[in-house]
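2 protein chains.
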Amino acid sequence: MTTINDIAQLANVSRTTVSRALNNSGYVSEDVRKRIMKIVEETGYMPSQSAKSLRTKRSGVIGVILPRLSTETSTRVVNGINEVLAKEGFQILLTDTELDKNKEIDYIRLLKSRHVDGIILLATNVNDALIQTIRQVDLPFLAIGQELPGVMSLVYDDYHASADLTNMLIHKGHEKIAFIGVSPEDPSVGRVREKAYRDMMQQHDLVVNESMIGQGDFTIESGYEQMKSILKNCREDKPTALFAVTDRMAIGAMEYLKEQGYEIPGDIAVVGIGASNMSKYITPSLTTIDYFNKDAGKKAAKLLLSKINDKKIDEKFELTYRLILRDSV
Amino acid sequence: MTTINDIAQLANVSRTTVSRALNNSGYVSEDVRKRIMKIVEETGYMPSQSAKSLRTKRSGVIGVILPRLSTETSTRVVNGINEVLAKEGFQILLTDTELDKNKEIDYIRLLKSRHVDGIILLATNVNDALIQTIRQVDLPFLAIGQELPGVMSLVYDDYHASADLTNMLIHKGHEKIAFIGVSPEDPSVGRVREKAYRDMMQQHDLVVNESMIGQGDFTIESGYEQMKSILKNCREDKPTALFAVTDRMAIGAMEYLKEQGYEIPGDIAVVGIGASNMSKYITPSLTTIDYFNKDAGKKAAKLLLSKINDKKIDEKFELTYRLILRDSV
DNA sequence: CTGAAAGCGCTTACAG
DNA sequence: CTGAAAGCGCTTACAG
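Note that the protein sequences, when read in sequence, are chains A and B.
Residues in the first sequence are numbered consecutively from 1, following the numbering used here.
Residues in the second sequence are numbered consecutively from 1001, following the numbering used here.
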């Protein structure tokens, strides 16, 4: 492999000068610069990033930690992150926790050892060990999706999104609204969205029938199963609407409802959250909330870059959303 | 940051010994090893990967080049790659070409400069500059999806998949089969799939009506538009079936057909390729080909690792597929 | 079983 | 405007 020394020799200068020419740091005469650049061009020389990073403590790499590599949400966010980062010459080092909390911590430390310049975590839970680790590695850090105390966080407005959806159903005259949530281990999706639903029900003096509450695990299948058991549990007192906290679970529920001959939205209205691709093309098209995940990714990247460049910035940022009204209600 | 020197000092040994203990290379007595490990534990020391990689020329990082970050196919493949790689302690450095051929080449060189141990390219085209570059960087390299001459390639069996689909339609009695393809710039998707379709038509003495041939660009919208113009162009001589070379285009076409009041499959049958998530939940569910993208990713990672470990392996591997018969035919 | 020394390929004060 | 030298944090022959 050609190194800076080879270039220096070929150009008859010191490697100091080559380095300066390459990085536009310090003075170097036009002739020399041209001579160097020509040789760089010819040889196809590329500076070793390991050496560079060892020396400068900067790698031009941002670590991204995902809960799952193959969900639309993750993909969109990463896409946004990458769009901004690539423009600034940064690359993404990707890791996937497979929803394992320990891996979250392992990867933070691993990324540190790989000298990433910063880390973006798509967070699915909040716990002390995690926050502890983040503090320890002392790297520019941003969490998306959950508010981590003391950590720069970019969060969706889960409360209002969920409240809007519930209110919308109520205003359409629904009083018996079933709900499929997820584990409270995930504060944003599990806890906040459910709280907003319950708050709105209460505000309108509607009682929540606990047999109409299910807990899924984000999968389509769990939506299907939860719908099934809700319908079984509440017997003759059927809900007239379903609020599932993710599109995938909503779609699973719709599958079951359609199988059982329910008309959507005639017999039961369905709403989800996430604006998945599928939500638009399923029949009937699903009413949902668009969280603009790609924009979230972009914003995340920008915030992290600011932090890296030592700009003073706030700790918490809230994102906006949009309710997409479609045929399922 | 704690370095190997700090550990050495704390443990009262040389850094040589620490290195040996950490890497299980060469002898080191039990006492010393334990002493070292304890300190490593306490300090949370992690060796600098930059220094390591500078010295050893190995980084534990694999570069992955994607045509688009946000397609199901890409995501599934990356997921498979990551599953195998993570187990072996490798990380993925992710790059997205946004379908720009120049970026493909730039990224290969960039990844080289970042000392990746190997590169996996989800290929969408074949050209000399690309092959040239791959040869130049002289790194373990694997292309997925296209056969690159002289480069280890893992390809889908586009010809037979496409032929099967066409035959299936013919055997169901269809004679006027419309076709939505993509640019021949993409040999596998654009050229091979179309060739198989034409070959099968010919084998069954069916003439291809050129006004029933469209060319989309992978997007749902292009499927919609192509279907529209096909229907317009062939006037009264309507097709009774449509073969779109990707699910997304098939779904776009279905949208248009449904809008226009066509019954699927009654008036016109539709098939796609890709086994997208949506294909299962759209109404009617879409007949398609499953390419097992995740398995492809796994296989790719395994092949690349073999190559890195200097195993002699073949240059070309063909993947299997499965036809999923559903309600759209 | 352990250590001193060289070297990987860069950048950056420092000196001229 | 240019260069010699030190040093980033590791590993690995070599010597003992």
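The beta-carbon is built from N, C-alpha and C at its ideal position, and this holds for glycine as well.
Could you name the residues of the segment 1271–1285 of chain B whose beta carbon sits closer than 7 angstroms to any beta carbon of chain A, in the order they occur along the chain?
N1277, M1278, Y1281, I1282 and T1283
Pair within 7 angstroms by beta-carbon distance, Y156/A and Y291/A:
yes
Using the three-state DSSP reduction, which class does K299/A fall into: helix, strand or coil?
K299/A: helix per DSSP, three-state reduction.
Residues near A253/A in its chain [Cβ-Cβ closer than 8 angstroms; skip 5 each side]:
I180, G223, Y224, Q226, M227, L242, A244 and V270
Would you be able to state if there are at least three C-beta pairs under 8 angstroms between the segment 1119–1133 of chain B and the segment 1248–1264 of chain B?
no
Backbone secondary structure at I308/A - three-state DSSP:
The answer is helix: DSSP assigns I308/A an H, G or I state.
Using a Cβ-Cβ cut-off of 7 angstroms, state whether R1114/B counts as contacting chain A.
yes
With a threshold of 6 angstroms on Cβ separation, who are the neighbours of I1036/B within its own chain once the five nearest residues in sequence on each side are excluded?
Taken in chain order, the residues that qualify are A1011, V1018 and A1021.
When DSSP labels each residue in this structure, what does A1161/B get in the three-state scheme?
helix
For G274/A, three-class secondary structure by DSSP
The three-state secondary structure of G274/A, taken from DSSP, is coil.
Please state whether the Cβ-Cβ distance between G1145/B and L1111/B is less than 7 angstroms.
One thing to note: G1145/B has its Cβ no nearer than 7 angstroms to the Cβ of L1111/B.
Have a look at E210/A and D1106/B and give me their C-alpha separation to the nearest angstrom.
57 angstroms
Does DSSP put D1100/B in a helix, in a strand, or in coil?
coil
Is it right to say R235/A is buried, meaning 16 or more other beta carbons lie within 10 angstroms of its own, or is it exposed?
exposed
Give, in chain order, every residue of the segment 71–87 of chain A whose Cβ lies closer than 9 angstroms to some Cβ of chain B.
T71, E72, S74, T75, R76, V78, N79, N82, E83 and A86
Could you confirm whether any beta carbon from chain B is found closer than 7 angstroms to the beta carbon of S50/A?
Interface criterion met: the Cβ of S50/A is under 7 angstroms from a Cβ in chain B.
Starting from I39/A and walking both ways along the alpha helix (DSSP H), at which residues does that stretch end?
E30 to T43
Spatial neighbours of V192/A within its chain, please: C-beta separation below 8 angstroms, excluding the five flanking residues on both sides.
D158, Y159 and S162
Look up T288/A in the DSSP assignment and give the residues it is bridged to.
Looking at the DSSP assignment, T288/A forms a beta bridge with I324/A.
Who pairs with G1063/B in a beta bridge, going by DSSP?
L1093/B and I1119/B
Of the residues S183/A, L142/A and T73/A, which one's Cα is nearest the Cα of K299/A?
L142/A
Tell me which same chain residues have a C-beta within less than 6 angstroms of the C-beta of T2/A, skipping the five on either side of it?
T43 and Y45
Buried versus exposed, by CB contacts within 10 Å (16 or more), Y321/A:
buried
What number of angstroms, rounded off, separates the C-alpha of T1073/B from the C-alpha of N1293/B?
6 angstroms
Taking the alpha-carbon of L1066/B as reference, which of V78/A, Q136/A and I108/A has the nearest alpha-carbon?
Selected option, being the one with the closest Cα: V78/A.
For M1046/B, which residues in chain A fall below 7 angstroms Cβ to Cβ?
R109, K112 and S113
Would you say R1198/B and I1220/B are within 7 angstroms of each other, going by their C-beta atoms?
Against a cut-off of 7 angstroms, the Cβ pair of I1220/B and R1198/B comes out as no contact.
So which residues on chain B does D267/A lean against when the C-beta distance must stay under 7 angstroms?
Those do not exist, as D267/A stays about 17 angstroms from chain B at its closest Cβ, beyond 7 angstroms.
Among Y1027/B, N1005/B, D1314/B and S1014/B, whose alpha-carbon lies nearest the alpha-carbon of P1047/B?
N1005/B
Unbroken beta strand (DSSP E) run spanning V1182/B, endpoints:
I1177 to V1182
Helix, strand or coil at I1007/B [DSSP, three-state]:
helix
Check each candidate in V208/A, M152/A, P184/A and I134/A and name the one with the smallest Cα separation from I170/A.
V208/A
Can you grab the Cα-Cα spacing for the pair K1172/B / P239/A, in whole Å?
43 angstroms
Inter-residue spacing [alpha-carbon to alpha-carbon] between G150/A and E315/A:
7 angstroms
Please report how far the alpha carbon of N1102/B lies from the alpha carbon of S1285/B, in whole angstroms.
So the two alpha carbons sit approximately 38 angstroms from each other.
Strictly below 9 angstroms CB to CB, what residues from chain A border L960/B?
Residue coverage of chain B in this structure runs from 1001 to 1329, which leaves residue 960/B outside it and unanswerable.
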